[in-house]
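Student:
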Amino acid sequence: MSESGKTEQAFQLAREQYAGMGVDVDRALKTLAGIPISLHCWQGDDVGGFESDEGLTGGGIQATGNYPGKARSGDELRADLNKAFSVIPGRHRLNLHALYAEPSGKKVERDALEPQHFSRWVDWAKSVKIGMDFNPSYFSHPKAADGFTLASRDESIRKFWVQHGKVCRKIGAHFGKELGSPCVTNVWIPDGYKDSPADRKTPREILTKSLDEVFAEAIDPKLNLDAVEGKLFGIGSESYVVGSHEFYLGYTIKNKKLLCLDAGHFHPTEGIADKISSVLMYLPEILLHVSRGVRWDSDHVVTLSDDLRATAEEIVRGDYLKRVHIGLDYFDASINRVAAWAIGTRNMLRALLIALLEPTAKLRELEANSDFTARLALMEDLKTMPVGAVWDYYCQSQGVPSTNWLSEIKSYERDVLSKRK
Ligand code: RNT
Ligand code: ZN
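Position 308, counted from 1, in the sequence shown is what my numbering calls 638; the numbers after and before it change by one each time, with no gaps.
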């Protein structure tokens, strides 16, 4: 029997098994096909961007490793993304950082960026029919060298970064308009202290004022949605981060913005899954930065972990698919970067598929009847249901490889990536 015939056969058996539990596999696959994941451009070049050859500096984040073949230009990054998309089932999005502007020849400062400086990205996004998200870049810049940007006490520095935030929202709105899908523009700033501050209040007051200025102009939410991302600590900001989770939770509720929950930005045993149904009580929409924290690093490649599954389950169980924007955020320079995109995105999709294949109504009924024994038994049995057969079939039906996808990336590495110096 052909490989595709075997995949089909395994799928039919799995489908019957799920049907026996009351799960409609076809419906699950239809839903999965409609969920866009926003791929972060910065995995492709270790958060380097195109402004200088220095790469990532400051910001309390770091991409470690020196795997060969990173993208050095917009054309290379787009080619790498095309390759990644070719092994990921479904239609997704691109999440771009401001430092990936392409102002053809001349240098344009971050407070003067305009939509035209991203025209090559927009043209590409149109050609591959995807939407785009955006991020102002508050790091890798001389004006961020002392670690403070929007919360800076230096008025000229603060104003510069406020202006950067303003122009980025306009760029986001332009993406939204051109691509026919709202752009989520996410503000993350690194501002914080290595050691215990004497004043935790003043920088937060300054940040509030700066954010109010950045967001002062009303922009149609059909074009641009504003998000803000909190963090517990960074490298060199271990004792205090101005934009903490509580700070932004308050800010977003008060100002009707999207809260961004990054899976790597909390205490090591604290997951984002349990936060989703809480914050969505008070916020219409949120953004996720799906990542994986390991010890002090918040940005390892996303694996199919219990945390990831719990996050996907919460989104599906709460019927939040329309209210939760899913973006990825990690950067690993120690492995093939295109494979890193594929691994993380495929895992996010697999976690969603597992959640979509859950007999949620049954579990809830058991819970409502206080039959916690049966709830636990069913949850554990679900873990070994044949989701792999459904996933393989889904990949096949979407025209992408299921199991042998890596060989495509390896050929690309041999033919393209290894030639980059
Ligand atoms: C940093 C934040 C932020 C960045 C990207 C590059 O801790 O998670 O989202 O990773 O903006
Ligand atoms: Zn993040």
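Don't be surprised by glycine CBs; every beta carbon is placed ideally from N, CA and C.
Fair warning: this is a prediction, and the values are worked out from it, not measured in the lab.
Where in the stretch 342 to 378 do unbroken runs of the beta strand (DSSP E), each at least 3 residues long, occur, reported from the N-terminal end onward?
Tutor: List check, beta strand (DSSP E) in window: 367 to 370.
Student: Could you check the C-alpha separation between residue 669 and residue 736 for me, to the nearest Å?
Tutor: 7 Å
Student: The ligand ZN and residue 427: does any heavy atom of the ligand fall closer than 7 Å to the residue's C-beta?
Tutor: no
Student: Have a look at 393, 394, 410 and flag the residue whose alpha-carbon is nearest the alpha-carbon of residue 401.
Tutor: 410
Student: Report whether the distance from the Cβ of residue 465 to the nearest heavy atom of the ligand RNT is below 7 Å.
Tutor: yes
Student: Candidates 342, 652, 629: which alpha carbon is nearest residue 663's?
Tutor: 629
Student: How would you call residue 582, buried or exposed, if buried means at least 16 neighbouring beta carbons within 10 angstroms?
Tutor: buried
Student: With DSSP run on the structure shown, which of helix, strand or coil describes residue 622?
Tutor: Here residue 622 carries a strand assignment [DSSP, helix/strand/coil].
Student: Could you give the first and the last residue of the continuous beta strand (DSSP E) run that contains residue 535?
Tutor: Unbroken run through residue 535 is the alpha helix (DSSP H), 531 to 544; no beta strand (DSSP E).
Student: If you draw a straight line from the alpha carbon of residue 472 to that of residue 648, how long is it in whole angstroms?
Tutor: 44 Å
Student: Could you give the distance in angstroms between the alpha-carbon of residue 751 and the alpha-carbon of residue 396?
Tutor: 12 Å
Student: For the 8 Å Cβ check, are there 3 or more pairs between the stretch 358 to 367 and the stretch 437 to 451?
Tutor: no
Student: Quick check for students: name the residue ranges of the beta strand (DSSP E) that lie wholly in the stretch 634 to 702, counting only runs of 3 or more.
Tutor: 654 to 658
Student: Would you call the stretch 597 to 607 in contact with the stretch 635 to 643, where contact means no fewer than 3 C-beta pairs closer than 8 Å?
Tutor: yes
Student: Could you tell me the alpha carbon to alpha carbon distance between residue 489 and residue 480, rounded to whole angstroms?
Tutor: 8 Å
Student: Does the beta carbon of residue 600 fall short of 7 Å from some heavy atom of the ligand ZN?
Tutor: no
Student: Label residue 691 either buried or exposed according to how many other C-beta atoms from any shown protein chain fall within 10 Å of its C-beta, with 16 as the threshold for buried.
Tutor: Exposed, because fewer than 16 other Cβ atoms sit within 10 Å of the Cβ of residue 691.
Student: Any residues whose CB sits closer than 5 Å to a heavy atom of the ligand ZN? List them in chain order?
Tutor: 592, 619, 659
Student: Please give the ranges of any beta strand (DSSP E) in the stretch 430 to 503, keeping only runs that are unbroken, at least 3 residues long and fully inside the region.
Tutor: Along the length of the stretch 430 to 503, whole beta strand (DSSP E) runs at least 3 residues long occupy 461 to 465, reported in chain order.
Student: Put residue 576 into one of helix, strand or coil per three-state DSSP.
Tutor: helix
Student: What are the boundary residues of the alpha helix (DSSP H) that includes residue 412?
Tutor: Going by DSSP, residue 412 is part of the alpha helix (DSSP H) stretching over 404 to 415.
Student: Evaluate residue 501 with the Cβ neighbour count: other Cβ atoms within 10 Å of its Cβ, from every protein chain shown; 16 or more gives buried, anything less gives exposed.
Tutor: buried
Student: Should residue 335 go down as buried or exposed, given a rule of 16 or more other Cβ atoms within 10 Å for buried?
Tutor: exposed
Student: I think residue 329 touches residue 340, with their Cβ atoms under 8 Å apart; what is that distance to the nearest whole Å?
Tutor: Outside the displayed range of the chain (331 to 751) lies residue 329, so it cannot be described from this structure.
Student: Could you tell me if residue 415 is buried or exposed, where buried requires 16 or more neighbouring beta carbons within 10 angstroms of its beta carbon?
Tutor: buried
Student: Which residue wins for smallest C-alpha separation from residue 498, given the options 459, 549, 478, 453?
Tutor: 549
Student: Starting from residue 732, follow its DSSP beta bridges and name the residues at the other end.
Tutor: Answer by DSSP bridge pairing: none, since residue 732 is not bridged.
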